[in-house]
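For the record, the sequence lines run as chains A and B.
Following the UniProt record's numbering, the numbering of the first sequence begins with 1 at its first residue and continues without gaps.
Following the UniProt record's numbering, the numbering of the second sequence begins with 1 at its first residue and continues without gaps.
Notes for the one structure printed next.
Number of protein chains: 2
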Amino acid sequence: MAEQTETVRRTPLSRERVLSAAVVLADVSGVEPLSMRKLAQELGVVPMALYKHVANKEELLDGMVDVIVGEVDTGAGGEDWKSTVRHRVLAARRILLRHPWARRVIESRTNKSPVVLEYMDAMIGMFRAGGFSVDLTHHVMHALGSRMWGFTQEVFDDSATAPAEIPPAMLHAMAEKYPHVMAIAMRADHDDESVVGQGCDDQFEFEFALDLLLDGFERLHEQGWTSRRRPAQR
Amino acid sequence: MAEQTETVRRTPLSRERVLSAAVVLADVSGVEPLSMRKLAQELGVVPMALYKHVANKEELLDGMVDVIVGEVDTGAGGEDWKSTVRHRVLAARRILLRHPWARRVIESRTNKSPVVLEYMDAMIGMFRAGGFSVDLTHHVMHALGSRMWGFTQEVFDDSATAPAEIPPAMLHAMAEKYPHVMAIAMRADHDDESVVGQGCDDQFEFEFALDLLLDGFERLHEQGWTSRRRPAQR
DNA sequence: ACCTGAACACCGTTCAAGT
DNA sequence: ACCTGAACACCGTTCAAGT
Numbered sequence: 001m002a003e004q005t006e007t008v009r010r011t012p013l014s015r016e017r018v019l020s021a022a023v024v025l026a027d028v029s030g031v032e033p034l035s036m037r038k039l040a041q042e043l044g045v046v047p048m049a050l051y052k053h054v055a056n057k058e059e060l061l062d063g064m065v066d067v068i069v070g071e072v073d074t075g076a077g078g079e080d081w082k083s084t085v086r087h088r089v090l091a092a093r094r095i096l097l098r099h100p101w102a103r104r105v106i107e108s109r110t111n112k113s114p115v116v117l118e119y120m121d122a123m124i125g126m127f128r129a130g131g132f133s134v135d136l137t138h139h140v141m142h143a144l145g146s147r148m149w150g151f152t153q154e155v156f157d158d159s160a161t162a163p164a165e166i167p168p169a170m171l172h173a174m175a176e177k178y179p180h181v182m183a184i185a186m187r188a189d190h191d192d193e194s195v196v197g198q199g200c201d202d203q204f205e206f207e208f209a210l211d212l213l214l215d216g217f218e219r220l221h222e223q224g225w226t227s228r229r230r231p232a233q234r
Numbered sequence: 001m002a003e004q005t006e007t008v009r010r011t012p013l014s015r016e017r018v019l020s021a022a023v024v025l026a027d028v029s030g031v032e033p034l035s036m037r038k039l040a041q042e043l044g045v046v047p048m049a050l051y052k053h054v055a056n057k058e059e060l061l062d063g064m065v066d067v068i069v070g071e072v073d074t075g076a077g078g079e080d081w082k083s084t085v086r087h088r089v090l091a092a093r094r095i096l097l098r099h100p101w102a103r104r105v106i107e108s109r110t111n112k113s114p115v116v117l118e119y120m121d122a123m124i125g126m127f128r129a130g131g132f133s134v135d136l137t138h139h140v141m142h143a144l145g146s147r148m149w150g151f152t153q154e155v156f157d158d159s160a161t162a163p164a165e166i167p168p169a170m171l172h173a174m175a176e177k178y179p180h181v182m183a184i185a186m187r188a189d190h191d192d193e194s195v196v197g198q199g200c201d202d203q204f205e206f207e208f209a210l211d212l213l214l215d216g217f218e219r220l221h222e223q224g225w226t227s228r229r230r231p232a233q234r
């Protein structure tokens, strides 16, 4: 019996095994319910055994981010800086969409791991290779923000306001209180055949904003922008 | 003695008192350590007493966001849609900077409260009043994202990589591994007198990105953009 | 030296027992 | 009917006792 238990735990615990098990667990049921204790149980190990491979839960989360960032396809650039950046960001997005919890965790990390620094360094390098000044690149990276990881905080979630099971009386009341929100949720455009409550195409929204930013960056670069002048003042 | 205790609790508990106490507590020591139990203690009340005014901790957080959003100065618009939006966003930012925890909490909310819906409705209305189509406004709101609340996730935090107490040997090693990150952290521009590690001006970065977006929105609007065509394709 | 069970100091929330 | 103490089912992590 004790022997069989030994057999089950054949593969010894390692940082990698801990991290990938954590990623799988988060993929399956989210990060919030992910606990050191549950992770240990999943690995058939006593909770304290984890602390041999990660100092604490914070470091576990750091490691999980590294796993995800490591999955991003860094091959296949483009011809110019713009398509290179675009490709990398969309490659990151593909990974992030597979690990929805990663968005929140990446945002909560304060210490940048070597893996994360390397990713950012590469992205900065793309702008520099495109001839961007250190100055402009700096601001451009800030403007890009979390979009460089392929995600945005969807703070405008009209799918929640969308039709579904909402009773007509309530819809009517909402349309009176929040006419603009409802107009968008309903996509009721006068000069167009209205498609009611079709939800959002997140990928389209992401690329819309990404391209808007990249176009803006390009314009500033071409104008030889420096931080002496503000973008609003041309 | 029992009488005095009564006297101390003079003002009866109310939803408002619970929420504002929670906001104060979060301002002082952050949201993470904020617990129902500590909040109750702060109010001189048994933990369960809170549940008379908020259904659970989620609803407490919802309410806290409402308090913050309610603080945003909604007066004083501008002449055109652009300056109106700009003013509102920067007004929101002023409030958010006073409640640093609110950023994270706003992002974590999935249910939009009436207060939040009203804020978004007003913002959508600003674009609509500026002549924006429902279609364009929809995408523009997505592109604005959390920036409509006056904050961005500062995922590119070079203050962490900045000088401070980092030993020169380590700085040198980092400059070899992450040359681009360090170049930006050091602000070492060749064709300019280099100012070493001055940290970031968050307000400048915020306005830089905000204006970049607003300029982009304006351009699309003037071009009569519709979602049939993608922004990258002009 | 390594490993780990029990313990500590917390949580949010339920529930039954008190008034 | 209202209020609340105790309890439940969890946490992350420390630590001392076992091997």
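Here a beta-carbon is modelled for each residue, glycine too, at the ideal position from N, C-alpha and C.
Using a Cβ cut-off of 8 Å (strictly closer), state whether residue i contacts chain A.
i: B:Thr137; result: yes
i: B:Met36; result: no
i: B:Ile95; result: no
i: B:Ile68; result: no
i: B:Ala209; result: yes
i: B:Glu107; result: yes
i: B:Leu13; result: no
i: B:Val72; result: no
i: B:Asp80; result: no
i: B:Ala188; result: With a pLDDT of 49 at B:Ala188, under the threshold of 50, the modelled position of that residue is not reliable, and no figure is offered here.
i: B:Gly216; result: yes
i: B:Glu205; result: yes
i: B:Arg9; result: Note on B:Arg9: pLDDT 46, under 50, position unreliable in the model; the coordinate value appears next. Not one chain A Cβ lies under 8 Å of B:Arg9.
i: B:Gly130; result: no
i: B:Ala102; result: no
i: B:Glu118; result: yes
i: B:Ala169; result: no
i: B:Ala76; result: no
i: B:Gln65; result: Going by the sequence as given, residue 65 of chain B is Val instead of Gln. False, the Cβ-Cβ gap to chain A never drops below 8 Å.
i: B:Val134; result: yes
i: B:Gly224; result: no
Does chain B have any CB closer than 8 Å to the CB of residue i?
i: A:Lys166; result: Reading off the sequence shown, one finds Ile at residue 166 of chain A, where the question assumed Lys. With 8 Å as the cut-off, A:Ile166 does not count as an interface residue toward chain B.
i: A:Gln153; result: yes
i: A:Val115; result: no
i: A:Val89; result: no
i: A:Leu60; result: no
i: A:His53; result: no
i: A:His172; result: no
i: A:Ala143; result: yes
i: A:Tyr178; result: yes
i: A:Val181; result: yes
i: A:Val195; result: Since pLDDT at A:Val195 reaches only 46, below the 50 mark, its modelled position is unreliable, and the value read off the structure follows with that caveat. Not an interface residue.
i: A:Gly150; result: no
What span of residues does the alpha helix (DSSP H) with residue i cover, start to end?
i: A:His178; result: Reading the sequence as shown, one finds Tyr at residue 178 of chain A and not His. Here A:Tyr178 belongs to no alpha helix (DSSP H), and DSSP marks it neither H nor E.
i: residue 260 of chain B; result: The structure shown has nothing for residue 260 of chain B, since chain B only spans 1 to 234.
i: B:Glu32; result: Here B:Glu32 belongs to no alpha helix (DSSP H), and DSSP marks it neither H nor E.
i: A:Arg219; result: Asp202 to Glu222
i: B:Met141; result: Val134 to Leu144
Heavy atom of the ligand ATP less than 7 Å from the Cβ of residue i, yes or no?
i: B:Glu42; result: Among the ligands in the structure shown, none appear at all, so the ligand ATP cannot be discussed.
Exercise. Jot down the residue ranges of each uninterrupted alpha helix (DSSP H) in the UniProt DNA-binding region "H-T-H motif" (35–54) of chain B, minimum 4 residues, whole runs only, in chain order.
Key: 36–42
Quiz item: Residues in the region 15–49 of chain A with C-beta within 7 Å of chain B's C-beta atoms, listed in sequence order?
Solution: none
Practice problem: Please go through the region 63–125 of chain B and give each complete alpha helix (DSSP H) segment of 4 or more residues, from N-terminal end onward. | Solution: 81–98 and 100–108
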